[in-house]
Structures are given as C-alpha cells and as structure tokens.
Amino acid sequence: MRRHTTWAVAALLGLAPATIAAKTAAESLTMQPQSRLWFDGTSTVRKWSCSAPAFDVDVQSAPGGIPGVLSALRVVQSATVRVPAAKLECGNGTMNDHMKKALQVGAHPTIEFRMTGYEVTKGGSGVEGTLNGTLVIAGQPRPISIPAEARGDAGGTLRVTGATEVDMTQHGVKPPTLMMGTLKTGPKVTVRFDLAFKG
1162 MRRHTTWAVA ALLGLAPATI AAKTAAESLT MQPQSRLWFD GTSTVRKWSC
1212 SAPAFDVDVQ SAPGGIPGVL SALRVVQSAT VRVPAAKLEC GNGTMNDHMK
1262 KALQVGAHPT IEFRMTGYEV TKGGSGVEGT LNGTLVIAGQ PRPISIPAEA
1312 RGDAGGTLRV TGATEVDMTQ HGVKPPTLMM GTLKTGPKVT VRFDLAFKG
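Plus 1161 on top of the position in the sequence shown (first one is 1) and you've got the working numbering.
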C-alpha cells in the first residue's frame, strides 16, 4: 500500500512543474510603430499639446491573447507603460525645458503606468472597459482608472485607444509658467493613447 502511495506522490510531483508552467505560460503582445501617446493641456493664453515620441509598452497575456481580448475575456496578465520624461516633445524648445523642469526629469526620468487589474465588456465594434493601476509621475505614485476601447484591425492588429484626465499637482508637479509668468499652464492634462499590438 505504501509503495502505491509513494508512486502516486512521485507522479504528482513530476506533473507539478508542467501544471505550473501551463498556468503561467504567457505571450507578449508586441507594440507596433504606429502607436501614439500624447497629452493635451490648457493655459491662460492657448491650448497646448506634448507627444511622447519614444515610449515602451510591455503587455503579457495568456496564449491567444488578441482573440481573447476581442472576445472580452480577461486574458491580459500584466501591462506596463514607460515613458522617458526627458524625450517629451511640446513643439517649442522653451516649453520643453519648462516641462522637463516641472517633471524633475533628473531625479525621476520615467513616467510609468502599471496595471493592477481591469474590467472589460463587449462593445459595439470591439470591447470597452477600464484599466486600473498606478500612475507614477515625478516619482509620486497615485491610483488611476482609465477608460479604454479595443478593436481588431485588418491583419490581426489589436488597437487600444483611450483618454483620461490627470491632475499634475497630485503628483507634486507645479504647472509650468512661461513668458515671465504671463502664460500659466493649467494643473490638469488629458492623456491620450492610440496603441497597436500584434501577438
């Protein structure tokens, strides 16, 4: 009897690594070059916009990630967005300098969003939901919920779009001022993204 019990335990232990691997197997969704991320703001003079010409998005999902996403299944296991703050481009050298100073890029070179969970439902032409996570700006982490939509494009590309308002002062960022204080930027910006992925 003991021999059979020992054999059963050994068999289960032998299967354990394969079972764990099956549960943790993941695939990366690769961000495509046409992906965009930018933010719009206001000031006492005019509206303004800054883009992120360089950023990285790391998305890990269960196998068959894109079809699963489009079927409103919770297949995405993790998602992280990293933006080099020093590379933000506002279309004006002076504005660039003031923005970098406000974001304290020397001490905190990266703006980062880390997803902690999400809700998703089937929508009209794809899926829609909310990305929950932590947004870190100037070294200050704050919880955030971002509405987003996802749809499939020709060629099997997954497009994820969305926008959310961020109060920069909650991250300890003082809104930049220009022209000897005559141009004052508002404390809130709208972050927008149009991301493309392939499995």
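Built from N, CA and C at the ideal position, the CB exists for glycine as well.
Being a predicted model, the structure only gives us computed values, none of them experimental.
Could you check whether residue 1291 and residue 1275 sit closer than 8 angstroms to each other, using their CB atoms as the reference points?
no
I need the boundaries of the alpha helix (DSSP H) containing residue 1231, first residue and last residue.
Per DSSP, residue 1231 belongs to the alpha helix (DSSP H) from 1226-1231.
Just list the residues that DSSP pairs residue 1286 with in beta bridges.
DSSP output for residue 1286 lists no bridge partner at all.
Let me check understanding here. Comparing Cα to Cα, which of 1278, 1284, 1244 lies closest to residue 1266?
1244
Taking buried to mean at least 16 other C-beta atoms within 10 Å of its own C-beta, is residue 1239 buried or exposed?
exposed
So residue 1260 is in the beta strand (DSSP E); what residue range does that whole segment cover?
Counted as a single uninterrupted DSSP element, the stretch harbouring residue 1260 is not any beta strand (DSSP E) but the alpha helix (DSSP H) occupying residues 1254-1264.
Compare the Cα-Cα distances from residue 1326 to each of 1189, 1195, 1199 and report the closest residue.
1199
Beta-carbon separation of residue 1264 and residue 1298 under 8 angstroms?
yes
Best match in 1324, 1344, 1283, 1313 for proximity to residue 1259 [C-alpha to C-alpha]
Per the Cα distances, 1344.
Residue of 1261, 1233, 1328, 1349 minimising C-alpha distance to residue 1309
1233
Tell me which residues share the same chain as residue 1287 and place their Cβ nearer than 7 angstroms to its Cβ, disregarding the 5 neighbours each side in the sequence.
The beta carbon of residue 1287 lies closer than 7 angstroms to those of 1231, 1310, 1311, 1312, 1313 in the same chain, with the five residues before and after it left out.
On the premise that residue 1321 lies in contact with residue 1201, defined as a C-beta separation below 8 angstroms, what is that separation, rounded to the nearest angstrom?
Actually they are not in contact, since the Cβ atoms of residue 1201 and residue 1321 sit about 19 angstroms apart, beyond 8 angstroms.
Whose CA, out of 1273, 1316, 1213, 1221, lies closest to the CA of residue 1302?
Residue 1302 has its Cα closest to that of 1273, out of 1273, 1316, 1213, 1221.
By the DSSP assignment, the beta strand (DSSP E) with residue 1205 in it spans what residues?
Counting along the chain, residue 1205 falls outside any beta strand (DSSP E), and DSSP gives it neither H nor E.
According to DSSP, simplified to helix, strand and coil, what is residue 1357?
strand
Tell me the rounded alpha-carbon separation between residue 1284 and residue 1339.
The alpha-carbon atoms of residue 1284 and residue 1339 are separated by roughly 43 angstroms.
Drop a sphere of 10 angstroms on the beta-carbon of residue 1222, count the other beta-carbons inside from all chains shown, and report buried for 16 or more, exposed for fewer.
buried
Can you tell me which of the three DSSP states residue 1299 falls into?
coil
By the 10 Å Cβ neighbour count, where 16 or more other Cβ atoms means buried, how is residue 1226 classified, buried or exposed?
Buried, because 16 or more other Cβ atoms sit within 10 Å of the Cβ of residue 1226.
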